[in-house]
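Below is one structure, written out as structure tokens, with a few remarks after it.
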Amino acid sequence: MSFDFQVTARDGAARRGVMRTAHGAIDTPAFMPVGTQGAVKGVTQRDLELLGAEILLSNTYHLYLRPGDDLIARQGGLHRFAGWTRPILTDSGGYQVFSLAARRTIDEQGAHFRSHHDGSAHLRTPEKAADIQAQLGSDVAMVLDECLALPAEPGDVRASMERTLRWAARARDRFLALRAGEAPGVIVTNPGQAQFGIVQGGVYPDLREESAAETVKVGFEGYAIGGLSVGEAADVMYDIVARTAPCLPDDRPRYLMGVGTPSDIVEAVARGIDLFDCVLPTRNARNGQLFTSQGRLNIGNARYAEDNGPPDPACTCYTCRTFSRAYLRHLFLAREINSATLNTLHNLHFYLDTLSRIRESVSFGRFESFRVAFHQGLSSQPHDS
Ligand SMILES: [Zn+2]
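Structure below.
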């Protein structure tokens, strides 16, 4: 089945829709839990299915280095390898090359880097990023973009944005060759794969608008906004999203990469975004931080030592229905593996449930009242941090 996206309801700039992929449909706006190594840390694929996760994100950089996309292709692709039958989106690996890899240098050809595992030398080009994702067989592949170190001068941001556009055209050419079966040596494990372009341009609205227009000219199944949530103030990010989203085709999904907090997600939906991913719910769970309807809660805090209430009184997840704050604090302090698991189950439930409530409110024309109530709830108890 080929890729398709349809908007089914609108409320202001917020949209509800359905994104159809080779491995099933996703109700949008949607949140994608991050499974860096083909696994979401702390929970199993069965847990994710029970939580209602409709799509996962996996990281190309990690899977390319270990166990290798060649091996995964020989195993039938990432879905079969990882035992996950629902949709998968893979990033291009660019962000990790720029943030994790050692001794990286960037030129027009691509990114030269050394593995953070063994120091081996690698070259990541736009074409190679497309090849790796074809072998992984994700349902949505991302183009390789240049991730600029911040803060950056406007001239450098423009040069980087223009290089990302040239890379986008190369990535699209390669993707179409892969789709046409004209890429010998590459095992295409998912013929129904779609490819998304990425808008760059830093915090400069004019560069963002230019990047969006030129990326749309290349032509992709969907579009992402990259390079945000990298240290800029929230209101700056919201403004850039508000300026960029309307420059993208109304009939294609819009993905805000790496964002963000529950508040960020609600505010980005209000500005027309459909897809999100973020490590916050899973990473913070392992660090003992729970996202709740009343704000964040650090479960290791001494004030929860004898608190027999659930983490979030409004939550219906397995963790909240079964365990007290006091018990979860004990597990966290004792460094039990179950601490990470139970906290992750709750945080992912909170994120996925928030997106579910967003979708419902858009369908019923009540998004604005949901948005106000949601923000009020988050500040209804003193935050632990
Ligand atoms: Zn819960």
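Here our numbering is used: the first residue of the sequence shown is 3, the next is one more, and so on.
Yeah, the Cβ is synthetic: ideal placement off N, Cα and C, and Gly gets one too.
Given the structure is predicted, the values throughout are model-derived calculations rather than measurements.
For V201, there is no enclosing alpha helix (DSSP H); the residue is found in the beta strand (DSSP E) stretching over 196-201.
Using a cutoff of 8 Å, the CB of F334 does not count as near ligand 1, since none of the ligand's heavy atoms is closer than that. Nearest Cα to Q383 within the set F372, P312, A328, Q296: Q296. When the beta-carbon positions are compared, T107 and Q135 stay at least 9 Å from each other. The beta carbon of Q137 sits closer than 8 Å to those of D71, D72, I74, A75, G79, V188, I189, V190, T191, all from its chain and outside the five residues before and after it, given in chain order.
Short note on D314: C-beta closer than 8 Å to some heavy atom of ligand 1. Residue nearest to S371 within the set V281, D13, H348, F7 is D13 (criterion: CA-CA distance). Burial is judged here by how many other beta carbons sit within 10 angstroms of a residue's own beta carbon; L335 has fewer than 16 and is exposed. Scanning F83, D141, C322 for the CA closest to the CA of P193 turns up D141. As the crow flies, the alpha-carbon of H351 is around 19 Å from that of S60. The continuous alpha helix (DSSP H) containing F369 extends over residues 369-380.
Residue H332 holds the alpha-carbon nearest to the alpha-carbon of N303 among V281, P315, H332. V232: not part of any beta strand (DSSP E); DSSP gives it neither H nor E.
As the crow flies, the alpha-carbon of R68 is around 25 Å from that of G228. Here T346 is buried. Its C-beta has 16 or more other C-beta atoms within 10 Å. By the Cβ neighbour-count rule, K219 is exposed, with fewer than 16 other Cβ atoms within 10 Å of its own.
With a cutoff of 9 Å on beta-carbon distance, E56 and D29 are scored as near each other. Going by beta carbons, G233 and L292 fall outside the 9 Å limit. Residue range 32-34 is occupied by the beta strand (DSSP E) that includes M34. Annotated three-state conformation of N303 is coil, per DSSP.
At least one heavy atom of ligand 1 lies closer than 8 Å to the C-beta of F352. Relative to ligand 1, the nearest heavy atom lies less than 8 Å away from the CB of T318.
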